[in-house]
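Peer 1:
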DNA sequence: CATGCACCTTCCAGCAGGTGGAAGGTCAAG
DNA sequence: CTTGACCTTCCACCTGCTGGAAGGTGCATG
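Chains as they are written, first to last, in the numbering used here: chain A, 1 to 136; chain B, 137 to 272.
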């Protein structure tokens with residue numbers, strides 16, 4: 001199966017699939033004409049990657065999950081630990097975004113928002129106490 | 137004032153401050169020895185940038201906010217519009233993260249997490265059709 | 001058979017927003 | 001005079017792709 005069809009089945013752009021090959025996440029066969037030739041197993045792997053990426057796992061985490069997936073003797077606790085760590089990360093990001101939103105909302109509420117030049121938002125950015133949690 | 141001191145006052149790494157200069161967000165003077173020499177105004181600008189970045193504004197948005205900040209005839213409504221658009225973005229990101237978290241939590245809850253190899257998390261990532269551990 | 005078009009290939013460049021390190025200049029203390 | 005903390009520039013690298021150029025392939029239509 002050509003890359004275009006594989007892309008449709010996995011809901012991934014062809015470019016992304018080639019990129020995944022470049023970083024050794026997948027190794028499709030080649031047809032006689034040089035085209036990549038994806039097997040059912042390859043499609044499965046790509047779908048696995050698409051789902052894991054959409055859940056927020058990084059490429060390296062996907063690599064780990066794939067190797068766990070293909071290890072007959074893995075412990076489910078190992079997979080669970082990866083997922084729980086990811087939940088923690090997602091929680092931290094949510095908290096940070098909520099803090100950002102609270103500050104932005106306060107700024108917007110304090111701004112009259114008309115044609116006058118005086119603006120509490122800019123005043124706050126220029127010297128207020130708007131530091132709300134590091135974002136890095 | 138040298139870059140190190142400016143960095144401390146603005147809560148930004150020196151590398152980042154040099155980067156901001158490279159992309160024309162700031163233009164410090166130079167001392168006789170070639171060192172960058174930051175004025176009070178420069179520090180102010182850097183602090184403005186640090187706060188705006190920590191609120192999630194992109195570099196280009198920061199550039200716009202800075203030019204609004206320095207425009208005596210701006211309308212506060214313009215600034216308010218930028219901030220409100222950013223609130224919308226933050227909201228969208230929060231919603232997406234909450235959806236991720238819900239799925240991850242469901243997966244983790246369904247996984248016994250012991251030494252056995254069967255794992256609902258991997259089964260779900262694989263599409264629910266594959267037998268866990270029987271792959272390849 | 002030519003033509004056109006969609007598809008495939010490789011390779012190179014670039015996005016945001018920095019970070020790391022090498023190689024070297026400067027300055028104050030001991 | 002030496003040490004160490006600064007500072008300088010420059011170049012490469014990070015994540016996770018994405019865009020585009022230049023060219024090969026496959027198939028339908030005229």
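Yeah, the Cβ is synthetic: ideal placement off N, Cα and C, and Gly gets one too.
Which residues in the same chain as residue 267(B) place their Cβ atom closer than 6 Å to its Cβ, once the five residues preceding and following it in sequence are excluded?
Peer 2: Position 131 of the second chain, counting from 1, holds the residue named residue 267(B). Because the pLDDT at residue 267(B) is just 32, under 50, the model does not fix this residue reliably, and the point stays unresolved.
Peer 1: With which residues is residue 77(A) paired in a DSSP beta bridge?
Peer 2: By one-based count along the first chain, residue 77(A) stands at place 77. Answer by DSSP bridge pairing: none, since residue 77(A) is not bridged.
Peer 1: Identify each residue in the stretch 57 to 81 of chain A for which the Cβ-Cβ distance to at least one residue of chain B is less than 7 Å, and report them in chain order.
Peer 2: Taking 7 Å as the Cβ-Cβ cut-off against chain B, the residues of the stretch 57 to 81 of chain A that qualify are 65, 68, 69, 70, 72, 73, 74, 75, 76, 77, 79 and 80.
Peer 1: Am I right that residue 82(A) and residue 96(A) are in contact with their C-beta atoms under 8 Å? What's the rounded C-beta distance?
Peer 2: Residue mapping note: residue 82(A) aligns to position 82 of the first chain, counting from 1. Residue mapping note: residue 96(A) aligns to position 96 of the first chain, counting from 1. The Cβ separation is near 22 Å, so there is no contact.
Peer 1: Can you grab the Cα-Cα spacing for the pair residue 215(A) / residue 64(A), in whole Å?
Peer 2: No statement about residue 215(A) is possible, as the shown extent of chain A runs from 1 to 136 and does not include it.
Peer 1: Taking the alpha-carbon of residue 195(B) as reference, which of 249(B), 229(B), 254(B) and 162(B) has the nearest alpha-carbon?
Peer 2: The count along the second chain starts at 1 and reaches residue 195(B) at position 59. Comparing Cα positions, the closest option is 162(B).
Peer 1: Do you know how far the Cα of residue 257(B) is from the Cα of residue 44(A)?
Peer 2: Your numbering for residue 44(A) matches position 44 in the first chain. Your numbering for residue 257(B) matches position 121 in the second chain. Between residue 44(A) and residue 257(B), the C-alpha separation is close to 15 Å.
Peer 1: Within 8 Å of any Cβ in chain B, is that where the Cβ of residue 13(A) sits?
Peer 2: Taking the first chain and counting its residues from 1, the one referred to as residue 13(A) is at position 13. Cβ-Cβ to chain B under 8 Å: no for residue 13(A).
Peer 1: Taking residue 202(B) as the reference, give the member of 125(A), 2(A), 5(A) and 1(A) with the closest Cα.
Peer 2: The residue you call residue 202(B) lines up with position 66 of the second chain. Comparing Cα positions, the closest option is 125(A).
Peer 1: Assess contact between the stretch 202 to 213 of chain B and the stretch 111 to 119 of chain A, defined as three or more Cβ pairs (one per stretch) separated by less than 8 Å. Is contact present?
Peer 2: In short, these stretches touch, since the Cβ pair count reaches three.
Peer 1: Name the residue from 157(B), 137(B), 176(B) and 189(B) whose alpha carbon lies nearest to the alpha carbon of residue 168(B).
Peer 2: If you number the second chain from 1, residue 168(B) lands on position 32. The candidate whose alpha carbon is nearest that of residue 168(B) is 137(B).
Peer 1: What residues in the stretch 105 to 122 of chain A bring their beta carbon closer than 7 Å to a beta carbon of chain B?
Peer 2: Hits within the stretch, in order: 105, 107, 108, 111, 112, 113, 114, 115, 116, 117, 118, 119, 121 and 122.
Peer 1: Consider the Cβ of residue 179(B): report whether some Cβ of chain A lies at a distance smaller than 8 Å.
Peer 2: For this step, residue 179(B) is matched to residue 43 along the second chain. Chain A, which has no Cβ nearer than 8 Å to the Cβ of residue 179(B), makes this no.
Peer 1: Beta-carbon within less than 8 Å of residue 226(B)'s beta-carbon, same chain only, minus the 5 sequence neighbours each way: which residues are those?
Peer 2: By one-based count along the second chain, residue 226(B) stands at place 90. Same-chain partners within the cutoff: 192.
Peer 1: How would you label residue 272(B), buried or exposed, when you count the other beta carbons within 10 angstroms and need 16 or more for buried?
Peer 2: Here residue 272(B) refers to the residue found at position 136 of the second chain. Residue placement at residue 272(B) is poorly supported in this model, since its pLDDT is 28, which falls under 50; the coordinates still yield a value, given next. Classification of residue 272(B): exposed, given that the 10 Å Cβ count is below 16.
Peer 1: Counting along the chain, where does the alpha helix (DSSP H) carrying residue 127(A) start and finish?
Peer 2: Indexing the first chain from 1 puts residue 127(A) at position 127. Taken as a continuous stretch (DSSP letters only), residue 127(A) belongs to no alpha helix (DSSP H), as it is neither H nor E.
Peer 1: Quick check on residue 87(A) - is its C-beta less than 8 Å from some C-beta in chain B?
Peer 2: Position 87 of the first chain, counted from the start, is the residue given in the question as residue 87(A). Yes - at least one Cβ of chain B is within 8 Å of the one on residue 87(A).
Peer 1: Please report the straight-line C-alpha distance between residue 101(A) and residue 38(A), rounded to a whole angstrom.
Peer 2: What you label residue 101(A) is simply residue 101 of the first chain in a count that begins at 1. What you label residue 38(A) is simply residue 38 of the first chain in a count that begins at 1. Going by the C-alpha atoms only, they are around 45 Å apart.
Peer 1: Judging by CA-CA distance, which residue of 112(A), 86(A), 111(A) and 93(A) is the nearest neighbour of residue 243(B)?
Peer 2: As a position in the second chain, residue 243(B) is number 107, starting the count at 1. The shortest Cα separation from residue 243(B) among 112(A), 86(A), 111(A) and 93(A) belongs to 86(A).
Peer 1: By a C-beta neighbour count over all protein chains shown, 10 Å radius and 16 as the cutoff for buried, is residue 159(B) buried or exposed?
Peer 2: For this step, residue 159(B) is matched to residue 23 along the second chain. Its Cβ having fewer than 16 others within 10 Å, residue 159(B) is exposed.
Peer 1: In chain order, which continuous runs of the alpha helix (DSSP H) of length 4 or greater are located wholly inside the stretch 156 to 230 of chain B?
Peer 2: Qualifying alpha helix (DSSP H) stretches, in chain order: 176 to 190 and 195 to 205.
Peer 1: Does chain A have any CB closer than 8 Å to the CB of residue 137(B)?
Peer 2: Taking the first residue of the second chain as 1, we reach residue 137(B) at position 1. By this cut-off, residue 137(B) is not an interface position.
Peer 1: Any idea what DSSP makes of residue 149(B), helix, strand or coil?
Peer 2: The count along the second chain starts at 1 and reaches residue 149(B) at position 13. Of the three classes helix, strand and coil, the one that applies to residue 149(B) here is coil, per DSSP.
Peer 1: Short of 7 Å Cβ to Cβ, which residues in the stretch 94 to 105 of chain A face chain B?
Peer 2: Here the close residues are 94, 97, 98, 100, 101, 103, 104 and 105.
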